[in-house]
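Asker: Before I ask anything, here is the structure I am working with.
In UniProt numbering, the protein residues as written are 1 to 385.
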């Protein structure tokens, strides 16, 4: 049974007027201080193997943590993991947000061993539950993601069943990469479990041990700028088409997907093209809706990296034509180098009502979060109460 109420502890500022939720960050990365911090959360035999030789981590490509981030986001002690006080200060004071949706970044890639992948995500989910969703979550501002490996559907379903009733976990999180598009029938147990528990699925752009860097249908790319510009939109368009054409959204009418860190404006020309071909080439499968209606009902996007243009009015018009007010949610990609603060994430010329929905309203509905929260120590420090 899915818990819909967001359970929260008592705070020292009890009795103050509640705070209206105005900013929800849908893409915040946290990670352990070291790989060893995760070992205690691993099941046998992986824990024993890791303690003896650290082999699973080397096989997973875990030689260092992500260092492509803001330099002020790392502790002065030299640790490369996330410091709770530092993260809270950045998120809740410097660029005040109300809720942070956490996606642990340490699992930025997967291996060629589905059993190892599941062992890793199990450890990360347990670690997240016992740290950022509990002892680091005094103000209850952090919201968790159930990490699963798509290459082990049985193991993924077990993780969803284990955590679906936890009030802190509000979505299932997967990497964008797989050996086949995600509408393929082999993945359907994952979507069925998520839909049954009322959990949306976020797909985050990540690499993996099985992924040739920059591989496309016409071969590999040469330069990182090509990869960074093209891979996520191409992968997300492929998954979107696969979900639609394989009937995933008809079998699970309540299921929703969020595409993270892959841009936004690409979807409209792709769906328009698909719609033009729909009547003549779509007879091989039955579909209850048009491609555009599937997008409106089942897909959402995050702002970072937001599309920009030299003409603010022009980019605002493109946002409106792409239904940004209904489909887009704010994300900062904290703590990475291209972090977008809430104050600079959207075109200035965008309609104010659309901005409110993008910054918080759409995420409130997507994650089933309350529209107000108790005032806490961060509000007092910043003079908001």
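Built from N, CA and C at the ideal position, the CB exists for glycine as well.
Following the continuous beta strand (DSSP E) through residue 260, name the residue where it begins and the one where it ends.
Answerer: Counted from its first residue, the chain shown places residue 260 at position 260. Residue 260 -> beta strand (DSSP E) spans 257 to 260.
Asker: Are the beta-carbon atoms belonging to residue 303 and residue 255 less than 8 Å from one another?
Answerer: To locate residue 303, count along the chain shown from 1; it is residue 303. To locate residue 255, count along the chain shown from 1; it is residue 255. Contact flag unset, no.
Asker: In whole angstroms, give me the CA-to-CA distance for residue 275 and residue 244.
Answerer: The sequence position of residue 275 within the chain shown is 275, counting from 1. The sequence position of residue 244 within the chain shown is 244, counting from 1. When rounded, the distance between both Cα atoms is 12 Å.
Asker: Specify the secondary structure class of residue 277 as computed by DSSP and reduced to three states.
Answerer: For the purposes of this step, residue 277 is taken as residue 277 along the chain shown, with counting starting at 1. Residue 277 falls in the helix class under three-state DSSP.
Asker: Cα-Cα, which of 22, 83 and 91 is closest to residue 341?
Answerer: Sequence index remark: in the chain shown, residue 341 carries index 341 (1-based). Of the listed residues, the one whose Cα sits closest to residue 341 is 91.
Asker: Would you call the stretch 255 to 265 in contact with the stretch 199 to 208, where contact means no fewer than 3 C-beta pairs closer than 8 Å?
Answerer: As far as the Cβ criterion goes, the stretch 255 to 265 touches the stretch 199 to 208, which means the pair count is three or higher.
Asker: Please report the distance separating the alpha-carbon of residue 148 from that of residue 114.
Answerer: Within the chain shown, numbered from 1, the residue matching residue 148 stands at position 148. Within the chain shown, numbered from 1, the residue matching residue 114 stands at position 114. Each residue's Cα considered, the two are about 11 Å apart.
Asker: Determine the DSSP secondary structure at residue 84, reduced to helix, strand or coil.
Answerer: Mapped onto the chain shown, residue 84 falls at position 84. Three-state DSSP puts residue 84 in a helix.
Asker: If I'm right that residue 120 touches residue 168 with Cβ under 8 Å, what's the distance once you round it to whole angstroms?
Answerer: Counted from its first residue, the chain shown places residue 120 at position 120. Counted from its first residue, the chain shown places residue 168 at position 168. Not quite, the Cβ-Cβ distance comes to about 20 Å (not below 8 Å), so this is no contact.
Asker: Identify whether residue 104 lies in helix, strand or coil by the three-state DSSP scheme.
Answerer: Taking the first residue of the chain shown as 1, we reach residue 104 at position 104. DSSP places residue 104 in coil when its eight states are reduced to three.
Asker: When the Cα of residue 178 is compared with those of 232, 135 and 165, which residue comes out closest?
Answerer: Your numbering for residue 178 matches position 178 in the chain shown. Closest option to residue 178, Cα to Cα, is 232.
Asker: Considering Cα atoms alone, identify which of 129, 135, 116 and 127 is closest to residue 155.
Answerer: The count along the chain shown starts at 1 and reaches residue 155 at position 155. Checked all of 129, 135, 116 and 127; the closest Cα to residue 155 is 116.
Asker: Less than 8 Å between the CB atoms is what I'm expecting for residue 139 and residue 299, so what's the real figure, rounded?
Answerer: Taking the first residue of the chain shown as 1, we reach residue 139 at position 139. Taking the first residue of the chain shown as 1, we reach residue 299 at position 299. Wrong, their Cβ atoms sit about 31 Å apart, outside the cutoff.
Asker: Considering only the alpha carbon of each residue, which of 223, 160 and 216 lies closest to residue 192?
Answerer: As a position in the chain shown, residue 192 is number 192, starting the count at 1. That would be 160, whose Cα lies nearest to the Cα of residue 192.
Asker: Hey, residue 325 and residue 358 are a contact pair by Cβ (cut 8 Å); roughly how many whole angstroms apart?
Answerer: Against the chain shown, residue 325 aligns to sequence position 325. Against the chain shown, residue 358 aligns to sequence position 358. With 8 Å as the limit, residue 325 and residue 358 qualify as a contact, their Cβ atoms being about 7 Å apart.
Asker: For residue 386 versus residue 171, is the C-beta distance shorter than 8 Å?
Answerer: A query on residue 386 cannot be resolved here, the shown segment of the chain reaching from 1 to 385 and no further.
Asker: Tell me the rounded alpha-carbon separation between residue 153 and residue 186.
Answerer: One-based indexing of the chain shown puts residue 153 at position 153. One-based indexing of the chain shown puts residue 186 at position 186. Each residue's Cα considered, the two are about 8 Å apart.
Asker: Which residue from 180, 146 and 162 puts its Cα closest to that of residue 174?
Answerer: Locating residue 174 in the chain shown gives position 174, counting from the first residue. Checked all of 180, 146 and 162; the closest Cα to residue 174 is 146.
Asker: If you scan the stretch 178 to 239 from start to end, which runs of the alpha helix (DSSP H) of 4 or more residues do you find wholly inside it?
Answerer: Taking only runs of at least 4 residues, the alpha helix (DSSP H) segments lying wholly in the stretch 178 to 239 are 188 to 196.
Asker: Taking the alpha-carbon positions, what's the residue 273 to residue 234 distance?
Answerer: The residue labelled residue 273 in the question sits at position 273 within the chain shown. The residue labelled residue 234 in the question sits at position 234 within the chain shown. Each residue's alpha carbon lies about 14 Å from the other.
Asker: What three-state label does DSSP hand residue 364 in the structure shown?
Answerer: By one-based count along the chain shown, residue 364 stands at place 364. Residue 364 falls in the helix class under three-state DSSP.
Asker: Among 141, 103 and 112, which has the Cα closest to the Cα of residue 127?
Answerer: Translated into positions along the chain shown, residue 127 becomes position 127. It is 103 whose Cα lies nearest to the Cα of residue 127.
Asker: Starting from residue 174, follow its DSSP beta bridges and name the residues at the other end.
Answerer: Translated into positions along the chain shown, residue 174 becomes position 174. 203.
Asker: Does the stretch 314 to 333 come into contact with the stretch 358 to 367, if we say contact requires no fewer than three beta-carbon pairs (one atom in each stretch) closer than 8 Å?
Answerer: Yes, the stretch 314 to 333 is in contact with the stretch 358 to 367.
Asker: Considering Cα atoms alone, identify which of 41, 31 and 101 is closest to residue 83.
Answerer: Within the chain shown, the letter at position 83 stands for residue 83. Cα-wise, what sits closest to residue 83 is 31.
Asker: Let me confirm a value: residue 58 is counted as buried when at least 16 other C-beta atoms fall within 10 Å, else exposed. Which label applies?
Answerer: Counting from 1 along the chain shown, the entry for residue 58 is found at position 58. Note that residue 58 has pLDDT 47, beneath the 50 cutoff, so the model's placement of it is unreliable and the number below is only indicative. So residue 58 counts as exposed.
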